[in-house]
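Structure first, then comments.
Protein chains in written order, with the working numbering: chain A, 3 to 464; chain B, 3 to 464; chain C, 3 to 464; chain D, 3 to 464.
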């Protein structure tokens, strides 16, 4: 890495999961739009061919008009190759295939448990965590060995447990987890300003917030725009749209913008707790008792959708066709900012501009009432080679109640996965709010079936 | 108070709830059996006549053969009279009447929520707390004013919130809460020694335990008898009786010995979490998701009973008749040790013998992972004019998960009761594991009905 | 207060100590240079006449060419007048007179104790604290009563104990303490870049630092400029100037720029502890055992000066003459930026631009190894109506050792002053590193003499 | 180990330092007086011959009349032999020889620094720690390997750092440190009862105390005898003997009873801080600034002595002659209780009787204001296979100030010794209160000389 007058050359980025379609292309886009950085991105993927495709697609980008950041993309065959010499490591992988994801999401439906996403908490999130943690153990060990000083950005879900595992295995790691769900809520508040007060063109970073909680179950207890406290306005906004929902939609290029809801869950949680829930409704619903997920009709009433894994399979097929077209040049890559902050964060860590944003980090006191070392999501100051969390304070007790049980469940899952302990994993399973209505017998049947479906990822379990 | 050669004269005890039948007579018994103490017990009760009856009953005791401790009992008309000059304050009251208790226990049954006791957590425990806390606010203020240096022993449920309120109002108070549920589990372990190993006549204080958790949801992570670790033996014991339950029964004079269960809930919790739950099954079941309380049939399978309030009404009538007989001398008082530790604790606090036992106290670090100041139940060293909690350590994470949500709920209830905030009380209501299956609409209907039933105790609520 | 398009009108500032020459004129200057704010500054001072002078001087400023911010200055006779309606409260007072300050600084010299400033720690700082705390108790009570929602900026020394007292008396106060000593160290690092690498015109805010410690004994464990880690460079810089000192001087308009030293104490502390001490040498020396203050010769060797109170008296006389000239117009006010951040902080708190800077606040975990609630100095995020400390981390243990003893001493002083407890004050006196060599007898003599000299400020002490 | 009816057979004790004269003979005595235990003591010593002597002496004891506990003593050649199969490990070694100890104690005298003991803090304690920690690293590693489940009792000084090192190297170790200094203070309080009130024959365990602090700088904030609070009486006792000192002497068989003082330092610390210092005056003086150690005259005034290492050398010679006589039978071993609690603690850990006493353990919250994991001395409950600290609370802030600086210094020393970092060791050296008056140059000269004198114990230091 070379630094000169607000520019950095010869930067090395290792991209683990470098064969991905969505996230890899997004990073390519954002890097192409940034003029102060250039260097090499090493693409590592267990699907080496997919990484090679992205190498071709990535290297073709420099020729596109308007590209400011020129990068060399290179598929590599091993983690060691990817990590050696890396300044940054980006991790964005799919743990397992859609076959396992189908089990995560749909198996519980047989017992009346519905999950719109199934990748964070609930029975699906648990199973996903159990098969992801061993992969992250390997990644953490490789980083410790080959690039201990690199900054590591995680995008994979379950965000909390992926980030947590990295620190558990290699406590000195410089890792953090990023998620755009909170940005979506900032965007909603910006739209609210137009809807309620006619203030147009507010960008989401003008909405200043205090963030606290855990990923996908994050909360905003303070939101301001210039001299204005937005909480009272949000109360009116909730009153206006509580019954109908607010469906105007998100304007920015969110990767899964088609996943939007009518915000009714968010509005309902505000009515209950007087604090803004800051994630998509599909995620929020999964953290609560089955208030919003009792059955498909209930889901409909709350105006969000259960994403079937079939859709993901079809979507992936389409992306793969698109990848072929991009590779052979029959379709040209359209560069557009993703709205993600990864590149901005890299710049800050390189010394090119401090800023404050929300990230997932082990708790060192930023949320004093949550257990130390659990991964929490709060604001943090990004500066050259450093991230310092901001003291976020405490949640209202009634919300703390909802959040803390997931924190302890996630800690239980980590322990179960690290010690390959099936009984401990089952404890986490029955402690989840979504499984509370299962009889013990049914709980055992479902747990065993789901665990069996992912057995090939559970090496060493008895 | 006068002290001379291991004896104390002129001790003053204020008994709040001094018209009670069960607890007051128990204390009289225990005092009568203790030779090193004597003095005056002032009986205060909102039912002054009942206190006067107990004055007569109590004063008659000195004449009974074998009585070692001679005490003067005196009914008083005001808290001020009772407290002024008191060395100890005993609080054992019934907040409200059985009419409210019937609402606590039976109203939720209309919505499929069953509670065997209904005085600690669940919808019933919440309502009982809301009407008890204002009474405890008054008591705490009176103690602050009239007997700030007295030691205060609370026996009233909800234990945690009663004790918590005393400290909230008067932080310098020297109060603690006592409950015999843990003793029952020690007794069970003593019986286990006979059942499994043929070791007879082990007394419960020979079973050494480490206690941690909150009242009625207390846990034992370590139990020994002489040189023996009892946990592996308990595992075998659970295996032996898991299906049938263990029904031999408790031998000691437990006040509610007829409330025994077959310990199946306790055994099931051990199977799940590998730690001994240390309270009666009827209490334990109320803290969990409706695993054991789904419906009356489920309760039957787990071999415990739902105590109907009718029974309590009838029982009370019988006790009142007995009180009359005791008062007019047509029945003689039978003195027998209750198994409670109140008198032993008083002796220790007077300097007549240190010992270690479990009590309810604000958390000052004895359970480092629970919030500071929340009332927890752990061992503590009793010594002259001092109680120092023992560092109990941490619960297994999966159990911590179950416990901590009640801690935060209880803190929410305290805040709601202190600020007379109906919305906050509702948050605690819907956050309870037993109400998780209610639709929001039903939750609101039930909450409003229950709150309405106790409205006369909620002065100042809008 | 009115807010419109990045401007705020009708702002109300209460200035306690509003008759001051240095600080009040500085604030006037900074307000005049800021175009987005306007309103009224109420000047309150126990020397009402001085406040009236400043009213005249302040109101005349609007006529000066180039003034962007127009303010109405108004002397008031009571704290109530000053505080009622205030959006901000600025406190900058001299507790007592130079007579007491002469005792603080010079009385200990009779026993071989030399203090270059004598306003923070050491015997002088203790005495100053004892007479200042009662004044701050009054101020805090007045703020609680008349302007509980105002933001309060303290500039008075002893900074830590003044800020600490405000929170002790009124825990909900929104107060923070500001000091420019850290800025001076940033400035030194900026100059170092020129001296060592020829990089010119670096402004101090381009030097990004992590700040931790207590006021006047603050430390920087991380300093960067763009992509550069400045610690290794500082090591070389220290090597270059360790013996000679670095005397180039500070360029900005620091109020007491003539108080500069040759940074030798700072360099020596770096050699000892490998961390940058971030305050003037005169302050730093007072926190250590008498390494740098053994006698006047030692002070000379370390190249800083003992400021005699005589100089302050003469300086004050000159300022008073200047005040007269400014008032009667024979001298015109020269507006120039002070380098202080007060106005920038006000803007941020009004919603006109978030930023991160170092301030003095009660410890809520930003320094997890220091006692909670003690006032510490770290970075914090300023945003609309909110200041959130950044988690600063921990000091190296050997430095923690030096710092923590002052923290406990300050807490002892607070307790002594609040309870008017002479014996407790004496304990703090003998626990100070500068008094360690006194025999107990001498310690008592000196303490009594100093206390006697400030007796009129110690109402209610026996 | 076999357990039957309150007796334990075949117990295995590993004695590291088993060639010692004082401590080994004391343990032999105490074991001989205890009827419920028997088994084997393996004696390991770097002086194998000394261990062999003790084997002979120990095995001869069973023949002495009145011996209740029969033990088999066996000298072994390796740590592995000693530890394998051990139920308990006792560590009582002399790190280095009297040559090094002479340097620790007398080298600083050249610079006016006087230390009565020189084994805990001060320059001597530091040097002793630096050469002891590597030995304890080895011992901890051996215990981890050969007897990870054994209970480990440490008697070696510096107590705090020896115990701390064991936990640092092997965090799961079941170790604690024992010291009789607090017992001496209990004994003093017992004598006070006779002196002041004529109450005779009070034994020290009847004096109930709350203990808090660090070894040799331990404090008692609460002391009672039966119904009596002893603090006011101690105040009178101090008044009576403050000037003259109290020289009646200790009655029990304290190993170093000839080391008594007139308690004047203890009395002076009570006058200063209103809390009882609970260690011998010779130790206490070393933790303070040179209030009591300014020069030999000052020491004399405070009525304690500086123990010259010459005396220790001569004493050792006498003990060696005695060892020869005991071995060859020309002198018979006189069994008498030492007053130490080691055997009582072993019994409790075996399940033969719970009790509460003071021990040195890592801080897990028993002293919430001291750093976690630092070794502190407080009461703890001993029970079968478990020690649970009692929450001791907090020291008065002015005493906390004195204590905490030593805690951080000891943590610094640990870090320096573990990382073989000379500069960090020097920081601890200059941070000690006894070296505060040295010029930096002198500090460096003394430090280098002392370090040089122990260089053969500092393998791997540059």
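Think of the CB as a built atom: it goes at the ideal place given N, C-alpha and C, for glycine as much as any other residue.
Test: residue 1 of chain B CB closer than 8 Å to a CB of chain D: No information on residue 1 of chain B is available, as it lies outside the stretch 3 to 464 that chain B covers here.
For residue 36 of chain A, the nearest candidate out of A/13, A/69, A/27 (CA to CA): Of A/13, A/69, A/27, the smallest CA-CA separation from residue 36 of chain A is found for A/69.
Residue from B/211, B/64, B/425 with nearest C-alpha to residue 32 of chain B: Answer by Cα proximity: B/64.
Beta carbon proximity, residue 8 of chain B to chain D, threshold 8 Å: Taking 8 Å as the CB threshold, residue 8 of chain B lines the interface with chain D.
Beta-bridge partners of residue 18 of chain A, as assigned by DSSP: Looking at the DSSP output, residue 18 of chain A sits in a beta bridge with A/46, A/93.
Nonlocal neighbours in the same chain, by C-beta distance under 7 Å from residue 94 of chain D, ignoring five residues either side: Cβ within range, chain order: 19, 22, 25, 157, 158.
Segments of 3+ residues assigned as beta strand (DSSP E) that fall wholly inside the stretch 371 to 396 of chain D: Listed in chain order, they are 377 to 385, 388 to 391.
CB contact check: residue 386 of chain B to chain D, cutoff 8 Å: Judged by the 8 Å Cβ criterion, residue 386 of chain B is in contact with chain D.
Reduced DSSP secondary structure (H/G/I, E/B, other) of residue 332 of chain D: DSSP places residue 332 of chain D outside both helix and strand once states are collapsed to three, so it counts as coil.
CB contact below 8 Å: residue 442 of chain B versus chain A: Taking Cβ atoms only, chain A reaches closer than 8 Å to residue 442 of chain B, which makes this a yes.
Where residue 413 of chain A falls, given that 16 or more other Cβ within 10 Å makes a residue buried: Per the 10 Å Cβ criterion, buried.
Cross-strand partners of residue 6 of chain D (DSSP beta bridge): Beta bridge pairing from DSSP links residue 6 of chain D with D/9.
Against chain B: residues of the stretch 351 to 370 of chain D by CB proximity under 8 Å: Within the stretch 351 to 370 of chain D, the residues whose Cβ lies closer than 8 Å to some Cβ of chain B are 352, 353, 354, 356, 358, 366, 367, 368, 370, listed in chain order.
Validate contact between the stretch 236 to 251 of chain B and the stretch 370 to 388 of chain B using beta carbons, cut 8 Å, 3 pairs: Short answer: they don't touch.
Neighbour list for residue 410 of chain A in chain B, Cβ cutoff strictly below 8 Å: The contact set of residue 410 of chain A on chain B, defined by CB atoms closer than 8 Å, consists of 399, 400, 402, 403, 406 in chain order.
Minimum Cβ-Cβ distance from residue 152 of chain C to chain D less than 8 Å: By this cut-off, residue 152 of chain C is not an interface position.
Simplified DSSP state of residue 463 of chain B, which is helix, strand or coil: Three-state result, residue 463 of chain B: coil.
Cβ pair residue 359 of chain C, residue 343 of chain C closer than 8 Å: In contact: residue 359 of chain C and residue 343 of chain C (Cβ atoms closer than 8 Å).
Any chain C beta carbon closer than 8 Å to residue 335 of chain A: Judged by the 8 Å Cβ criterion, residue 335 of chain A is not in contact with chain C.
Ranges of the beta strand (DSSP E) found wholly within the stretch 126 to 160 of chain A, counting only runs of at least 3: For the beta strand (DSSP E) assignment, the uninterrupted runs of no fewer than 3 residues enclosed by the stretch 126 to 160 of chain A are, from N- to C-terminal side, 153 to 156.
Segments of 3+ residues assigned as beta strand (DSSP E) that fall wholly inside the stretch 159 to 203 of chain A: Entirely contained in the stretch 159 to 203 of chain A, the beta strand (DSSP E) runs reaching 3 residues are, in chain order, 176 to 179.
Under 7 Å (Cβ pairs) to chain B, residues found in the stretch 164 to 179 of chain A: From the stretch 164 to 179 of chain A, no residue has a Cβ closer than 7 Å to chain B.
Rounded straight-line distance, which links the Cα of residue 272 of chain D to that of residue 237 of chain D: In this structure, the CA atom of residue 237 of chain D is about 8 Å from the CA atom of residue 272 of chain D.
Distance, residue 428 of chain D Cα to residue 449 of chain D Cα: Distance between residue 449 of chain D and residue 428 of chain D, taken at the CA atoms: about 7 Å.
Ranges of the beta strand (DSSP E) found wholly within the stretch 274 to 341 of chain B, counting only runs of at least 3: DSSP runs (the beta strand (DSSP E)) wholly in the stretch 274 to 341 of chain B: none.
Where residue 215 of chain A sits in the DSSP three-state scheme: For residue 215 of chain A, the three-state secondary structure derived from DSSP is strand.
heavy atom of the ligand FAD below 7 Å from residue 392 of chain C C-beta: Ligands displayed in this structure: none; no statement on the ligand FAD is therefore possible.
Short CB-CB distance (under 8 Å) between residue 11 of chain D and chain C: Proximity of residue 11 of chain D to chain C, defined by a Cβ-Cβ separation below 8 Å, is not satisfied.
Three-state class that DSSP yields for residue 350 of chain B in the structure shown: Three-state result, residue 350 of chain B: helix.
Pairwise C-alpha distance: residue 277 of chain A and residue 223 of chain A: Across the structure, residue 223 of chain A and residue 277 of chain A are spaced so that their CA atoms are roughly 6 Å apart.
CB contact check: residue 375 of chain A to chain B, cutoff 8 Å: No, no contact with chain B.
Counted within 10 angstroms of its Cβ, other Cβ atoms place residue 255 of chain D as buried (16 or more) or exposed: A caution first: residue 255 of chain D carries a pLDDT of 40, below 50, which makes its placement in the model too unreliable to give a value.
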